[in-house]
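Let me begin by presenting the structure, written as structure tokens, before commenting on it.
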Amino acid sequence: MNIILSILFFIVGTCLGSFANVCIYRLPKGKSIIWPPSFCPKCNHEIFWYDNLPLISFLLLKGKCRFCQEKIASRYFIVEFLTGALTLSLFLRFGISLEFLIYLIFVLSLIIVSFIDIENFLIPDCIVYSGIGLGLVLSFFYPGLHLSSSSRLVALKSGFLGVLLGGGSLFIIGYLGGLVFKKEAMGGGDVKLLAMVGAFLGYKSVFLTIFFSSLAGSIISLILIFLKIKKRTDYIPYGPYLALAAVISLFWKGHYFLNFLID
Ligand SMILES: [Zn+2]
């Protein structure tokens, strides 16, 4: 039974990934994410439903448009698979619950933000601002989001502190980095993104997210430079590292490690 449910949640996840791909492509261009239906950006031919199945269609079409043979970016496959895998992980961790649903929205926003940042070096305000608002509202109506707290006000406070701490600390790091390195070390989008993480996960997870993101950032940047995918002077967006760290913090929530931190 669990296996059937797991497969089902993975498939639902890949469909959400398909939607995420639409957002990643259209949001930075200021286009509607609802209309028109998917089309090939090269030949403008509409993509029929049977060519739009998550993961499967990409494999069947060998990553090419059916009509003009234009290469489809591997990002489509990667995002669908990643969203499927994370949806499944959330289900295995939280079961069918309100928490699952809330964190699913959170993780989906992180995926969309990350890939927009990778491709366009920007983090769209519309996602992070609505994320901050939604995180705070949900903290109040569903205090279980910030595990340690039982009352609505305590949970809301944790969310607020998360926003302040998330936004504030990165702003200070960015400011100091600017003074030391004489160039922009941290984009304004990163600051808002960490504020959103704080709203959803509470202030304790903000520390964890900063720690994991700088760790992941250093290691992955070094690997990218070593593999010559990026040059030392290239700008490497920080949003994806923050998102990765936020997902790690999310799954870490409630573990003994965090209990060391002040309540
Ligand atoms: Zn085409």
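Using the working numbering, the first residue of the sequence shown is number 487, and each one after it goes up by one.
Glycine included, C-beta positions come from ideal geometry on N, C-alpha and C.
Using DSSP with H/G/I as helix, E/B as strand and the rest coil, what is residue i?
{"i": "GLU556", "result": "coil"}
{"i": "ILE497", "result": "helix"}
{"i": "PHE607", "result": "coil"}
{"i": "ALA506", "result": "helix"}
{"i": "PHE525", "result": "strand"}
{"i": "LEU736", "result": "helix"}
{"i": "LYS678", "result": "helix"}
{"i": "LEU713", "result": "coil"}
{"i": "LYS550", "result": "strand"}
Out of the options, which has the shortest C-alpha to C-alpha gap to residue i?
{"i": "LEU730", "options": "CYS529, TYR511, ILE604, SER518", "result": "ILE604"}
{"i": "LEU736", "options": "PHE495, SER691, LYS716, ILE609", "result": "SER691"}
{"i": "THR751", "options": "LYS548, ILE588, ILE709, LEU568", "result": "Residue 751 lies beyond the residue range present for the chain, which begins at 487 and ends at 749; the question has no answer from this structure."}
{"i": "LEU502", "options": "LEU594, PRO610, SER699, PRO726", "result": "LEU594"}
{"i": "ALA702", "options": "LEU728, LEU491, ALA685", "result": "LEU728"}
{"i": "SER699", "options": "LYS714, LEU687, VAL733", "result": "VAL733"}
{"i": "GLY684", "options": "VAL614, SER637, LEU710", "result": "VAL614"}
{"i": "HIS632", "options": "ILE598, PHE686, SER518, ALA681", "result": "PHE686"}
{"i": "ARG587", "options": "VAL599, ASN488, PHE495, ALA641", "result": "Arg is not the amino acid found at residue 587; the sequence shown has Leu there. Nearest C-alpha to LEU587: PHE495."}
{"i": "PHE577", "options": "MET682, ALA681, ILE497, TYR721", "result": "ILE497"}
{"i": "ASN606", "options": "ARG512, LEU539, LYS714", "result": "ARG512"}
What does the alpha-carbon distance come out to for the pair residue i and residue j?
{"i": "TYR661", "j": "ILE618", "result": "22 Å"}
{"i": "ASP749", "j": "PRO723", "result": "Residue placement at ASP749 is poorly supported in this model, since its pLDDT is 42, which falls under 50; the coordinates are not used for a value here."}
{"i": "LEU541", "j": "CYS554", "result": "20 Å"}
{"i": "PHE601", "j": "LYS643", "result": "31 Å"}
{"i": "LYS717", "j": "SER707", "result": "10 Å"}
{"i": "TYR689", "j": "LEU679", "result": "14 Å"}
{"i": "GLY664", "j": "ILE558", "result": "38 Å"}
{"i": "THR719", "j": "ILE705", "result": "16 Å"}
{"i": "LYS515", "j": "TYR628", "result": "34 Å"}
Given a cut-off of 9 Å, decide if residue j and residue i are closer than it, judged by their beta-carbon atoms.
{"i": "LEU547", "j": "ASP537", "result": "yes"}
{"i": "ASN507", "j": "ARG561", "result": "yes"}
{"i": "LEU608", "j": "GLY675", "result": "yes"}
{"i": "VAL677", "j": "LEU656", "result": "yes"}
{"i": "GLU556", "j": "PRO527", "result": "yes"}
{"i": "CYS529", "j": "ILE598", "result": "no"}
{"i": "PHE505", "j": "ILE489", "result": "no"}
Cβ contact check for the stretch 644 to 659 and the stretch 582 to 602: 3 or more pairs under 8 Å: No: fewer than three Cβ pairs fall under 8 Å.
The stretch 529 to 539 touching the stretch 621 to 632, judged by at least three CB pairs closer than 8 Å: With contact defined as three or more Cβ pairs closer than 8 Å, the stretch 529 to 539 and the stretch 621 to 632 are not in contact.
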